[in-house]
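I have placed the structure first, in the form of structure tokens, so that the comments after it can refer back to it.
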Amino acid sequence: MIPIIEAHGLSKRFVLRHNRSAEIKVRFLSVLQRRYRETEEEFWALRDVSLRIGRGEAVGLIGRNGSGKSTFLKLVAAIYRPTGGRLLVARRATIGTMIELGVGFHPELTGQENVYLNAAIHGLSRSHIDRIYDSIVEFSWLAHFMDLPIKNYSSGMHLRLGFSVAAKLDPDILLLDEVYAVGDAEFQKRCVSTIEDFQARGKTVIFVSHSMESVRAICHRVCLLDRGHLLFDGPVEEGLQAYQHLLSETGEHAPA
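To convert a position in the sequence shown, counted from 1, into our numbering, add 3.
Dropping the structure here:
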């Protein structure tokens with residue numbers, strides 16, 4: 004297996020500030036009363052995670068809310084920088100992201116303007132974007148809405164446009180975070196078909212989801228995270244069973 008992503012002891016820490024206020028009254032009271040004082044708390048979203056992802060793999064990241072799944076994607080996408088450890092991504096590997104709805108879009112710009120902006124951020128030239136623009140619009144089914152500001156788009160329309168841009172950029176690595184959370188069944192089928200085509204062409208997919216059905220449909224391997232730690236890395240069914248066992252211990256239930 005030729006690795007395209009390698010994490011060695013990867014950690015990410017956030018500092019949470021409580022009782023933070025710009026109000027003069029509150030800041031004055033904090034001098035007199037401890038309960039008004041600002042406090043800091045360390046939160047480790049990832050702690051000492053090591054794994055290797057090969058070219059052409061489809062890996063599912065599963066785990067409870069707050070387990071570090073989305074943080075790992077954002078580290079791969081270089082949105083965050085690691086606090087500790089190393090994260091290596093193959094040289095010249097391009098990355099397409101669907102991490103958060105609307106990320107990379109400007110609400111005041113039209114759909115068309117956002118396509119050009121988003122593609123340019125990923126390093127594409129104007130002429131290259133011109134060549135793929137029509138295919139992005141056709142895939143998104145938003146031809147009649149491309150001249151509207153995307154602040155007027157529904158969540159499903161945001162998803163369609165974001166996924167269409169990510170897919171048509173033809174990246175080496177595709178990062179997906181709960182792509183099935185919004186959007187109709189027909190578009191979800193198109194997403195699956197596109198992901199399958201990516202895999203057939205040797206692309207790498209990292210997919211975050213709580214849906215066992217979606218993980219089974221897309222992934223060949225599962226990594227289970229909990230409280231920032233990697234608990235399991237291996238076959239899909241074994242990983243999903245480990246996830247179910249973890250949830251049963253806490254009284255939670257996984258979506259089908």
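Glycine included, C-beta positions come from ideal geometry on N, C-alpha and C.
* CB of ARG219 to nearest heavy atom of the ligand COA: below 6 angstroms? -> Looking for the ligand COA in the displayed structure turns up nothing, as the structure carries no ligands at all.
* Which of helix, strand or coil does DSSP assign to GLY57? -> Strand, per DSSP.
* Would you kindly work out how many angstroms separate the C-alpha atoms of LEU228 and ALA48, rounded to a whole number? => Each residue's Cα considered, the two are about 10 angstroms apart.
* **Cα-Cα separation, GLU60 to HIS223** => Rounded to whole angstroms, GLU60 to HIS223 spans 7 angstroms at the Cα level.
* Asked: Span of the beta strand (DSSP E) holding HIS232?
  -> First-last of the beta strand (DSSP E) with HIS232: 232–237.
* Asked: Which residues in the same chain have their Cβ closer than 6 angstroms to the Cβ of SER138, if we skip the five residues on either side of it in sequence?
  -> Same-chain partners within the cutoff: LYS171.
* Asked: Taking one C-beta from the stretch 232–252 and one from the stretch 85–98 each time, how about it: are there three or more such pairs within less than 8 angstroms?
  -> Note that the stretch 232–252 does not touch the stretch 85–98; fewer than 3 beta-carbon pairs, one per stretch, sit closer than 8 angstroms.
* VAL18, buried or exposed, once every other Cβ within 10 Å from all chains shown has been counted against 16 -> It counts as exposed.
* DSSP on ALA203, reduced to helix/strand/coil? -> Correct three-state label for ALA203: helix.
* **Under the three-state DSSP convention, the category HIS147 falls into** => Assignment of HIS147 by DSSP, reduced to helix, strand and coil, places it in the helix class.
* Asked: Using 8 angstroms as the Cβ pair cut-off and three pairs as the minimum, do the stretch 108–123 and the stretch 140–159 touch?
  -> The stretch 108–123, when compared against the stretch 140–159, does touch it at the 8 angstroms Cβ threshold.
* Asked: By DSSP, does GLU252 sit in helix, in strand, or in coil?
  -> Here GLU252 carries a helix assignment [DSSP, helix/strand/coil].
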